[in-house]
Every structure is written in C-alpha cells, then in structure tokens.
Amino acid sequence: MRSTDSSDGADVRRAGRRALGITGEDGPSVRLRDVVRSGSGWYPITALGALTIVDAFQGTAYSILGPDIADTLGLSRGTIAGLSALRLLAIFGATLPAAALTQRKPRRGILSVMAGFAWVVTALMIGISRTSVMLGIWLVLSGIGNGTSQSLHRPLVIDSYPPTGRVRMLTLYRMFDQTGFVIAPLLIAALTLWVDLSWRGVFVVICVLTVPAALYAIRLKDPGFGAYDDESTRTKVVTSAVDDMHTEDVELGFFEIVRRLFLIRTVQRILVGWAVLGLSFVPLQVYLSFFLYDRWKMDAGARAVFVSVLPVFSITVLLVTAKRGEAMLRKDPADLLRRAAFGIGGGALCIAAVPLVPGDNWRSWWVVPMTALFGLGSGLQAIGFPSLEASQFSIIPANMRPHASALAGIFLSAVGGLGGVFLFGSIDRRFGVAGVFAPVAILGVVAALVLRSATRFIGSDLDRTVDGIAESEELKGQQARGERVPMLSCRRIDFSYGTVQVLFGVDFTVDEGEMVALLGTNGAGKSTLLKVISGLGLPQSGSVRFRGQDVTFVDAERRVVMGVTQIPGGKASFGPLTVVENLRVAGYTHGRNKAAVDRGIDVSFAAFPRLGERRNQLAATLSGGEQQMLALSKAFMLKPRLLLIDELSLGLAPKIVGELLEMVRQINHDGTAVVLVEQSVNVALSLVQHAYFMEKGEIRFDGVASELLDRGDLLRSVFLEGTAANLGSAGGLVTL
Amino acid sequence: MLKRFRVTVCVCTVALLVGGCASGGLLNADGLAFRQDNSIVIIVPGERELVSEPLSVEWTMEPTTDQVAGFMLFVDRGPQPPGKTIEYFKQDNRSNIYLAETSPFEIPAIERREAVAKKVRDQHHLTIIAIDVAGRRIGETAAYVDFDVFEEEL
C-alpha cells in the first residue's frame, strides 16, 4: 500500500475532522434552523422527543404508586422493590441486544417505533394486572422498550442531523427527556389528587397518552449509519473519483464491536467516569426522597413537585449552554470533555452542599435556597450528559454508537448504580440520610477527574477514526486505478501488554504469494506483531488489512476462516491429544465437511510420513522436530492464504530444520504467502526475497533480503544471539 | 415497505391490546378499581403522626354494606390479594396482622424496624382492608397511613 507522507496525512486528517464538524475554529455556530433544514427536518428529533417523554411515564408512575400497587395486589414492599429491580435489569439487559439488532442493518427507527407501541400495550396491561407475576411480566417488557430507546435514540439523533448541530440536537433530546420527568410526576399527582384515579386508572391514562406519541413517531426512518459524518468524511478524504469501486469491509460481530469500543482510550475513561458517577447519581435518586421526607418533612405531593421542579433547572441550563457547547466541539472536542467534567464535578459539589442549608420544614423559606442549590447542581450535571455523548460519538464509527450508548447506560446505572446502592446503604445506616451527600461530592470530583483525563486521548482517537476512513478510501482509489493492493497491510500498529508498549507505529506489508522474513532480537516484538496479524492480540492503534478488508478487530477464528493461520513458536500442538486428533482440531473450521478434514490429514501424512507412522501417538511424546511437523501440517489442513510461522527452527537439529524449510518452500510454492519469524538470520534469508528487521518494537529495515546482509549495524545483535542459540541447541555454528 | 411496517405495528398493537384486555380482565373489569376507593378513611393516626404505644387506630367506612363483616390491619406489610383470606399467608408468617370487627382498635406494640443511629423516629406503615364474613378481602379497597413511633436516641 502506498504510504501517506506526513503532510498528506495531516491534510487528510484536517479534511476528515472538518467533515465531522470539528474545524478547530471558534467562530459562530450554524443556526439551529439551518442545521435542522440541512438534516432530516424537525420530525426525527420531535418524534424521538415524544417517545422519550412518554418513556418517563411508566417508570415514574410505578415508583410513585408502588405503595398503592402493593396494597391493592397484596404485595410486600420487598416484592414491589424486587419487581422494580427486575424492570431495571430488563432495561440494562435490553440495551446491548437492541444495539446488536441494529449493527448490520440500520433499523433504529423501526425498533424505536416498536418500543413506543410496546409501551402502549405494557401501560394498559400493568394497569389491569391482578397478580405479581403478570405485573412483573409487563414491567419487564416495559423495561425492554426502555432499554431499546436508551441505546438507539441518541445515535439516531446524531445520524439525523449534520455534525454542525450535534451538541444542540443531543441537548434538545436531553431537554425532551427532562421534560418527561417534569410532566410525569405532575401528571400522576393531578390524576390521583384531582381526578381521583387509582394506580390502575393512572396506567390506563398513560396508555392513552402513549398512543399519540407512538403514532406520531411511526414515520421515523433510519437515515443510515453516519449519513452526515462517516459518509461525509469519506467524500472529504477521497482524492480521486472512485464512484464505482466498492470494497466490502468485514462486518464486526457483536463482541468484536464491544471489544473494539473498550480499546478506545477515550471510551475507556468515559465509561469509568460513568461508573464512578453512577455510584452516587443512581442511589441519590432514591435517598433524595428519604432526605426530603426526613429532613424537610415533605409528603408525597410535595416530593413530587420538588422532583418535577429539578428538571426545569436542567432544561434552563441546557438551553443557555447548548450553543457554547457546539462551539467547543467545533474547536476542540477535548474542550467539550473538559466542560462535561466541570459540569459533573461542579454539579456534585452543589448537590453535596444541600444538607448544609438550614431549615427542617418545606414550608419554611429555606426550601427556596435548598431547591435552588439542588437545581443548580442538577443543571450543571445535565450539561455533562450531552457533552459527553457528543464527544464520545465523534470518535466512534456510526454503527457502533448504539453499543457505546448501551455501555454508557450499563456503566452508569448497573455497574455504578448497584455499587452505589450498597455504598449508600451502609453510609445511611451509619450516618443517617444526610450523610449520603458527602460521598456525592467525592465521587463527583473523582468522576470529573477521570473524564478530564480522557481529554489527553480524544484527539488521537479522533485522528484514528479519520485515518480508518481515509485508509479505506485510499484503498478503493488504488483498486480503481488498477494499482496493486497488498494481501496484508499493517499500518502504524501500536500494541501494549498492559501499560508496557511493545510495538511502536509498525508498518508491515505482505504481497499475494510472497514469502517474507521477520527478523529481530529477542523481545523486539516479532511474535507480538504476528499475534496482531492473526487476531490473538488487538492493537491500541493502527490497522490490519487483509486482502483490502479491515480486520483489525476481527476475531482470530474468523481470520482463520478468511485464510490467516498462525503457527505459534514451540507450542503449536496439543500435547494430550494424538497426532490425528491434533489434525482434526486444526481442521475445525471445515465444520461438517469430514471429507476435507480426511483429505487434509492424508496430505499431511504424505508430506510428513513420520507423522503418519505416529498417528495415534500423543503429541507430547513426539520429538521437537515432529511436533513442528505437526504444527506445520495445519497449513495442509487449512490451506491458508497467509501462513504466519513463529520460530520454526528454534531448538531443532539442522537436518530437521532443512526438512521443515523445504516443506515451507513447498507450501509457498503452492500459493500460500508466508511470514517467517526467525532469530536465525541465515535460515530466514535462505528462503525469502523480502525481509523486515525489528528492534525494540520498531521496524528498522524493510527491503530486499540480500541488502539486509550488508547491514552489520542491525545484524550484529541478532547474529550474536542466533549464534548463541545455535551453539546451544543445534550444536553447530551456522555462518552468514 | 415502511407503510406495510406501520400497518403491521398498528395491527399488532391493537391485537395485543384486545387480547390482553380479554385475558387480563378489562372486558370483565369486576373488582378492578380504576378510581380511588376512599371508602375506608383512617382518622387516627394522622399521616406521619408521632405516636406512642399502645397504638390506637380509628377509621370509618362509607358506605358500609352488609357484606363487610370486619377489618384487617397490617403493620409494615402488605395485605392479601382481593378475594383471599388470611390463609393466603403461611402459618408462620402472620405477624403484624390484626383482626378488628369495628373501629377503634388498639395495637399493643409495634415491632421495631431496623435501629438507625441518630434517628429518633421509627417509621411505620399501616394498611386497613375490609373482609367479608368468610374472612375474604372485599375488592381492592385499602387505606394506608405512615406514622412514626418515638424512640430514645441511640
């Protein structure tokens, strides 16, 4: 693959960032009306807004009317709490499956509408439930709808509008969400206090109110993944007309996507931040009621009013700050992350200060500063949510955003929230309900610091996103121009074991049918690079393309099916299995095609007759050379396009090495490209035309093998090591 | 395609609603109270009233019917579902349940909930339901109140 020089790369990144709405400039924002007009109009945001408003009704109604439900159905409070937990479990359980349902095909609109109609049914059915079992079933279904909306709505908002209005549209969605929490308690209070409805009547009304929202949203369409950013970036970074060219990238599976998200350093920090925040944020929703009840003597009605007033503060703050947030994202997403951290930390400090306000009755004037302080805290924290979402979504490929959204919810509510319930429970028992406010400050500040630490990575993660798109377009261009596309192309690979980085920006290329040697000293990173190619290790940055397809995050077993096979050094067979069993294991990817497996075994025994003689012998009892023969037989079983061989000659007698090398030559001759990792320079160079030399995790030489022999500066170290190894194992000196 | 989807979703929703109503009993809504049933009103203790032991409980029921043979009082626990008797609860799980023929009624002692340091109020929840002559709960009628019991500071 043609390498991109640094100025070209910088230009491409700038163009890509601009397409994502990040111009680096601090000018005025595009008017919201223009953003909406150039996007999908007002309909998607209002339809999703309507759904999110009614989404708040059922959960709120259940928590407020829980005691009434308990008394009617003859349930204990524990059962009511248990059913509530079950609903929460359904919410979190549904988020990732909902994301998985949309990862291959953009059907977020349809699923959102279905969730809306599901609420119509569940609201009514909850209202007419006669037993705890029926109540539980409908609550779970309601929770599944809720989880679906949690993971799909925001990515749908993002993809319905251009990046120039991303923060404002997410803020608008958040405002709809908060509006639901203003309306819900007031509605329930009105229906129970003035209309005199029971909890059953309230749920029937909720059902009726959900119908128009669901009908209004029924025209929701999915605009496709990244319609306004990923696709726009593609057109911006492409340098030549490649309209007719289309290279299908390998679609990542569910777990591959989740794993990939966990590898993005910004996402890692944000998820940890969500979890820390969840420790206080989630249980506080519960303990707030107790605090208001105990300290401020608020009855249920007063609490409902208080709870519905808080989102008003959030909506006001969001309204005031949305435009500034947009400008921050446009200038630098790190600024937006800093703002999110500030909002969350500052908000937590305000909320933690609430118990310091004097007063012990909500009818006193002290309730005003208390509410204002709490409202300010909620408002500041509210800024954090759309800011974090916008920052995070900027660095995540469009089809993975539902997964990221789901993970954020899980980390906030399930990981953090559950931990917080235990933490706050013990604090309440020890210090009383006012005591739970102290950890709110500590946890809020810690969450803010964690989130702030993500600002260090967001720039490079953003570049990585742009690089991925640019690389894909460059490849299409090459193919359109009829240029050669390498079989394997690793670009700018960084890899770490924990905090120890072992590969630094490695570029590595193998052509179709080529045999290359990968040389270097011990610990240079050769085996690690093979792991990255075969999928046993995932890089922190950089890409691996196999036959033009991006396989960087594809599972190792899928790569085997695609044609990449690795023979790990010295441990390529299963000792407790016999030779034949080992070969059958190697032929696992043939599935039920027993004939193919048998054929592979026959070919292997023809190539290595000694293995045939020991077919029923345990692999552990074979000699070192025979074990390597068995390992090499994987190539006959799988017939890979690319064979990665790690340290084939290590510890073997020259005669055996010769036999094995002859077989490697034969495999290559039959069309399989081979990467040969060797410490023995002369062994490797006797076979290949093209060689790479690695040292300390970097490629130091990439060229014709014979030219490497002139590089004494590089070979000295490996030659000395190789000599020592050969003296120790083979018992003879192999000279260059 | 989208039109077909919309029609399908609407039809499915209506089908589920009708099916659910039929099986859930909305079409035969006997016993389902969609409006608040305030026929039982607890007079004493008042909401969040600080009380002492023995606890005196007073309530009224309007309108009274011949069907009502008595009342059941539940402290810090839920009552049985409509139509069920005390047999609904296992023999060893019938604590804090009191049977009263008429108001008022005296509960000699309130079982303490979890002792909480620095708390001087112990919060409790009282529910009252009406029963028929066979001891079955009548409808979904229930009245409840939260009250506090004074405690020595721990």
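Top to bottom, those sequences are chains A and B. Just so we're aligned, residue 235 is where the first sequence starts under the working numbering, counting upward by one. Just so we're aligned, residue 42 is where the second sequence starts under the working numbering, counting upward by one. Don't be surprised by glycine CBs; every beta carbon is placed ideally from N, CA and C.
Top-ranked residue by Cα proximity to A/G653, from A/G512, A/Q800, A/P636: A/G512
For A/I491, the nearest candidate out of A/F927, A/G273, A/L772, A/Q615 (CA to CA): A/L772
8 Å Cβ cut-off: residues of chain B touching A/I452: R47, V50, C51
DSSP state of A/A461 mapped onto helix, strand, coil: coil
Neighbour-count burial assignment, B/Q132, 16 or more Cβ in a 10 Å radius: exposed
Euclidean distance between Cα positions of B/S93 and A/L590: 31 Å
Cross-chain neighbours of A/S432 in chain B, by beta carbon under 8 Å: A74, F75, R76, Q77, D78, E181
Coarse secondary structure for B/S144, derived from DSSP in three states: coil
B/A175 at chain A interface by Cβ criterion, 9 Å: no
Collapsed DSSP secondary structure at B/F75 in the structure displayed: coil
Reference A/F524; option with closest CA among A/G255, A/G666, A/M897, A/A853: A/G666
CB contact below 9 Å: B/A158 versus chain A: In this prediction, B/A158 scores a pLDDT of 46, lower than 50, which makes its location untrustworthy; no coordinate-derived value is stated.
Burial state of A/N850, where buried means 16 or more other Cβ atoms lie within 10 Å: exposed
Interface partners of B/Q121 on chain A, CB under 7 Å: G308
According to DSSP, residues forming a beta bridge with B/T168: B/F115, B/Y185
Within the stretch 712-751 of chain A, ranges of the beta strand (DSSP E) (whole runs, at least 3 residues): 722-731, 734-744
Cutoff 9 Å: B/R118 Cβ touching any chain A Cβ: yes
Start-to-end residues for the beta strand (DSSP E) that takes in B/E90: 90-92
Cβ-based neighbour list, A/D695, same chain, cut-off 7 Å, excluding 5 preceding and 5 following: I498, R499, T500, I629
Proximity to A/R434 [Cα-Cα], best of A/G300, A/H924, A/P457: A/G300
Inter-residue Cα distance where the pair is A/M318 and A/G577: Residue identity check: residue 318 of chain A is Ser in the sequence provided, not Met. Computed Cα separation, rounded: 30 Å.
Cross-chain neighbours of A/M348 in chain B, by beta carbon under 7 Å: V50
Contact under 9 Å by Cβ, A/L895 with A/L878: no
Outcome for A/G678 when other beta-carbon atoms lying within 10 angstroms are tallied against a minimum of 16: buried
Proximal chain A residues relative to B/E103, where beta-carbon distance stays under 7 Å: The premise fails here: B/E103 is roughly 15 Å from chain A at the closest Cβ pair, so nothing lies under 7 Å.
Sub-9 Å separation of B/V190 and B/L91 beta-carbons: yes
Residue-chain proximity (A/R364, chain B), Cβ-Cβ < 9 Å: yes
Same chain, Cβ closer than 6 Å to A/G593, five either side skipped, listed in chain order: W600
Proximal residues, the stretch 79-95 of chain B versus chain A, C-beta separation under 9 Å: N79, E88, R89
Contacts of B/L58 in chain A (Cβ-Cβ under 9 Å): V354, V355, L358, M359, C441
Against chain B: residues of the stretch 524-540 of chain A by CB proximity under 7 Å: D533
Simplified DSSP assignment, three categories, for A/G250: helix
Which listed residue (A/L817, A/A829, A/F627) has its alpha carbon closest to that of A/A853: A/L817
From A/L683, A/P419, A/D904, residue whose alpha carbon lies closest to that of A/R537: A/P419
Supposed contact pair A/L386 and A/P636 - C-beta distance, whole angstroms, cut 8 Å: 5 Å
For B/R47, the nearest candidate out of A/P331, A/S346, A/G759, A/I287 (CA to CA): A/S346
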